[in-house]
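A.B. asks: Have a look at this one before I ask anything.
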Amino acid sequence: MTKSLKIFEQVIETIDNAAKIMGLSENDIVFLKHTERELTVNLPITMDDGSGQVFKGYRVQHSSLRGPCKGGLRYHEDVTLQEVQALAAWMTFKCAVVNIPYGGSKGGIEVDPSKLSDKELERLTRRYTAAILPLIGPEKDIPAPDVNTNSTVMGWIMDTYSTFAGYTVPGVVTGKPIDIGGSLGRNSATGRGVMFMTREIMHRLGKPLIGAKVAIQGFGKVGSMAAMLLENEGAKIVAVSDVSTGIYSADGLNAEELINYTSDGGRARLLKDYENKKAKKITNEELLELDVDILIPAATENQLTEDIADKIRATVIVEGANGPTTNEAEKILKRKGIMLVPDILANAGGVIVSYFEWVQNIQSLMWDEEEIHRAQERIMIRAFNDVWNCSKEKEVSLREGAYIVAIDRLLRAKKIRGQLI
Ligand code: NAD
25 MTKSLKIFEQ
35 VIETIDNAAK
45 IMGLSENDIV
55 FLKHTERELT
65 VNLPITMDDG
75 SGQVFKGYRV
85 QHSSLRGPCK
95 GGLRYHEDVT
105 LQEVQALAAW
115 MTFKCAVVNI
125 PYGGSKGGIE
135 VDPSKLSDKE
145 LERLTRRYTA
155 AILPLIGPEK
165 DIPAPDVNTN
175 STVMGWIMDT
185 YSTFAGYTVP
195 GVVTGKPIDI
205 GGSLGRNSAT
215 GRGVMFMTRE
225 IMHRLGKPLI
235 GAKVAIQGFG
245 KVGSMAAMLL
255 ENEGAKIVAV
265 SDVSTGIYSA
275 DGLNAEELIN
285 YTSDGGRARL
295 LKDYENKKAK
305 KITNEELLEL
315 DVDILIPAAT
325 ENQLTEDIAD
335 KIRATVIVEG
345 ANGPTTNEAE
355 KILKRKGIML
365 VPDILANAGG
375 VIVSYFEWVQ
385 NIQSLMWDEE
395 EIHRAQERIM
405 IRAFNDVWNC
415 SKEKEVSLRE
425 GAYIVAIDRL
435 LRAKKIRGQL
445 I
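All residue numbers for the sequence shown refer to our numbering, where the first residue is 25 and numbers rise by one.
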């Protein structure tokens, strides 16, 4: 059994657990344990040296009950269909918990993009777009950036889709460059949401954010922005990491300097070559076990495992990544009294501003950045309060509260829509 297969099983376990608290039957929720539609594509690409290679890609739509499917696109050598299924399901619950009119989907290609040239990556992206063309569109399914994809990749998807359509369709993807219909505030949206949710939980717990020590695993689009925005709020970022190493400074790192360093020269530069007298190198595992106030996993799935959970010393965990905590680890964290803000709430900022981008595209409008930040904050605080109140009322964890809120909305939509026959 692969690691990813277990991830989808974990999603099912989480649904079952919430359903039990809600007093629902298997009949009520069985549809949530299956995806609506899955496409596997084989993508033949001519490499720069003239040789041919075939890459495998997926697009999975978990639910379109509450609106068009929405979900990112991941490029990673470990991508599997089962992983994409889990990621698609999380999108359904995420959009429901923050109450935006979308269902959930996700895409992925089994590729290590660091081994491809820019031209090869562009050919692969365009071929993938052509292959999944029947599934996507502004009213059907709207991709966005995820691990190892960015606005440039979204621009290629938008151009390929538009070429086939015969006219420009900006609303087919979100997270595009601003010049072709991207939204202000999208690049920082997920990290900004992580900051909002960290601020809210600290406030609820009566703990100061100013001076709070923060460790962040993963210094990509989500982790780096969360670091910078939390630093702006007065928190002290003592450790960050990427796939190559972690770095630590008891006096605090400088998030902006690190962002400038890692983003220098186009493709992301790894932290292993970062030199600073005040910062020492640590492993990713050491980072997770640091004596900090706030731990933010913002890399990938299954990072907080049973073994590590025992050693975690943070008082609050805010999940920037999707699925970073295993169900077994969560039981240990709960026993230890560590408060965890779950992924479907904590990292929903990205899909919220993606929603704003799509709304601007289909109405040919352009909102200003402050308006976007304000609207994102309003939606996220409302969702936080819904989840917090539900967890207090039912005496359950914030993850259980978030799933209860989401499942309730999905069941209402299902009841209203009724059956085909
Ligand atoms: P990214 O590719 O920009 O960054 C990922 C970072 O994690 C990189 O620094 C990478 O080196 C690091 N990393 C990868 N594997 C690691 C490991 N095993 N240990 C330590 N570090 C590791 O990706 P991203 O968009 O920032 O996404 C990060 C997470 O957030 C993913 O789980 C993604 O699904 C989730 N997420 C992203 C968005 C978004 O808008 N980009 C929205 C919601 C959720």
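Glycine is no exception: its CB is placed at the ideal position from the N, C-alpha and C atoms.
As the structure is a computational prediction, the values presented were derived from the model and not from experiment.
Is residue 344 near ligand 1 - that is, is its Cβ less than 7 Å away from at least one heavy atom of it?
C.D. replies: For ligand 1, at least one heavy atom lies less than 7 Å from the Cβ of residue 344.
A.B. asks: Buried or exposed: residue 248, going by 16 or more other Cβ atoms within 10 Å of its Cβ?
C.D. replies: Residue 248 is buried by the Cβ-count criterion.
A.B. asks: Roughly how many whole angstroms lie between the Cα atoms of residue 155 and residue 80?
C.D. replies: Looking at the two C-alpha atoms, the distance is approximately 11 Å.
A.B. asks: Taking the straight line between their C-alpha atoms, what separation do you get for residue 308 and residue 440?
C.D. replies: About 47 Å.
A.B. asks: DSSP state of residue 37, grouped into three classes?
C.D. replies: Helix.
A.B. asks: Is residue 267 near ligand 1, judged by its Cβ being under 7 Å from some heavy atom?
C.D. replies: Yes; taking the cut-off as 7 Å, the Cβ of residue 267 has a heavy atom of ligand 1 nearer than that.
A.B. asks: Is it right to say residue 220 is buried, meaning 16 or more other beta carbons lie within 10 angstroms of its own, or is it exposed?
C.D. replies: Classification for residue 220: buried.
A.B. asks: Check each candidate in 207, 327, 420, 442 and name the one with the smallest Cα separation from residue 395.
C.D. replies: Nearest option by C-alpha distance: 207.
A.B. asks: Please return the same chain residues whose Cβ sits closer than 6 Å to the Cβ of residue 323, not counting the five positions on each side in sequence.
C.D. replies: The answer, listed in chain order, is 241, 242, 345.
A.B. asks: Use the C-beta contact count for residue 73: other C-beta atoms within 10 angstroms, 16 or more gives buried, fewer gives exposed.
C.D. replies: The residue in question, residue 73, is exposed, as its Cβ has fewer than 16 Cβ neighbours within 10 Å.
A.B. asks: My output table needs one value for residue 25: the three-state DSSP class, helix, strand or coil.
C.D. replies: Note that residue 25 scores a pLDDT of 40, beneath 50, so its modelled location is shaky; the value from the coordinates is reported in the next line. Three-state DSSP puts residue 25 in coil, outside helix and strand.
A.B. asks: Can you tell me whether residue 419 is buried or exposed, with buried defined as 16 or more other CB within 10 angstroms of its CB?
C.D. replies: It is exposed - the Cβ of residue 419 has fewer than 16 other Cβ atoms within 10 Å.
A.B. asks: Note down the Cα distance separating residue 348 from residue 157, rounded to an integer number of angstroms.
C.D. replies: One C-alpha to the other measures close to 31 Å.
A.B. asks: Have a look at 433, 381, 404 and flag the residue whose alpha-carbon is nearest the alpha-carbon of residue 203.
C.D. replies: That would be 381, whose Cα lies nearest to the Cα of residue 203.
A.B. asks: Among 370, 83, 92, 91, which one has its Cα closest to the Cα of residue 246?
C.D. replies: The shortest C-alpha separation from residue 246 is found at 370.
A.B. asks: Give a single yes or no on whether residue 308 has its beta carbon closer than 7 Å to a heavy atom of ligand 1.
C.D. replies: Yes, ligand 1 has a heavy atom inside 7 Å of this Cβ.
A.B. asks: For the 8 Å Cβ check, are there 3 or more pairs between the region 81 to 91 and the region 126 to 140?
C.D. replies: These segments touch.
A.B. asks: For the pair the region 102 to 122 and the region 142 to 151, tell me if three or more CB-CB distances fall below 8 Å.
C.D. replies: Judged by Cβ distances under 8 Å, the region 102 to 122 makes no contact with the region 142 to 151, as fewer than three pairs qualify.
A.B. asks: State buried or exposed for residue 213, treating a residue as buried only when at least 16 other CB atoms are found within 10 Å of its CB.
C.D. replies: The residue in question, residue 213, is buried, as its Cβ has 16 or more Cβ neighbours within 10 Å.
A.B. asks: Give me the Cα-Cα distance between residue 30 and residue 328, rounded to the nearest whole angstrom.
C.D. replies: Distance between the alpha carbons of residue 30 and residue 328: 15 Å.
A.B. asks: Label residue 106 either buried or exposed according to how many other C-beta atoms from any shown protein chain fall within 10 Å of its C-beta, with 16 as the threshold for buried.
C.D. replies: Result: buried.
A.B. asks: Decide yes or no for the touch test of the region 118 to 125 against the region 391 to 409: beta carbon pairs closer than 8 Å, at least 3 of them.
C.D. replies: Judged by Cβ distances under 8 Å, the region 118 to 125 makes contact with the region 391 to 409, as three or more pairs qualify.
A.B. asks: Output yes if chain C places a C-beta closer than 8 Å to the C-beta of residue 91; else output no.
C.D. replies: No chain C appears in the structure shown, which is made up of a single protein chain.
A.B. asks: Name the two residues that bound the continuous alpha helix (DSSP H) containing residue 129.
C.D. replies: Residue 129 -> not in any alpha helix (DSSP H); beta strand (DSSP E) instead, spanning 127 to 134.
A.B. asks: In chain order, what residues of the same chain have a beta carbon less than 8 Å from the beta carbon of residue 25, not counting five sequence neighbours either side?
C.D. replies: Only weak support is given to the placement of residue 25: the predicted model assigns it a pLDDT of 40, under 50, and the question is left unresolved by the model.
A.B. asks: Answer with buried or exposed for residue 66, where buried requires no fewer than 16 other C-beta atoms within 10 angstroms of its C-beta.
C.D. replies: By the neighbour-count rule (16 or more Cβ atoms within 10 Å), residue 66 is not buried but exposed.
A.B. asks: So if DSSP puts residue 64 in a beta bridge, which residue, or which two residues, is it bridged to?
C.D. replies: According to DSSP, residue 64 bridges with 82.
A.B. asks: Buried or exposed for residue 152, going by 16 or more other Cβ atoms inside 10 Å?
C.D. replies: Flag for residue 152 reads buried.
A.B. asks: Using 8 Å for Cβ pairs, my map puts residue 272 next to residue 263. What's the rounded Cβ distance?
C.D. replies: So it is a contact: roughly 4 Å between Cβ atoms.
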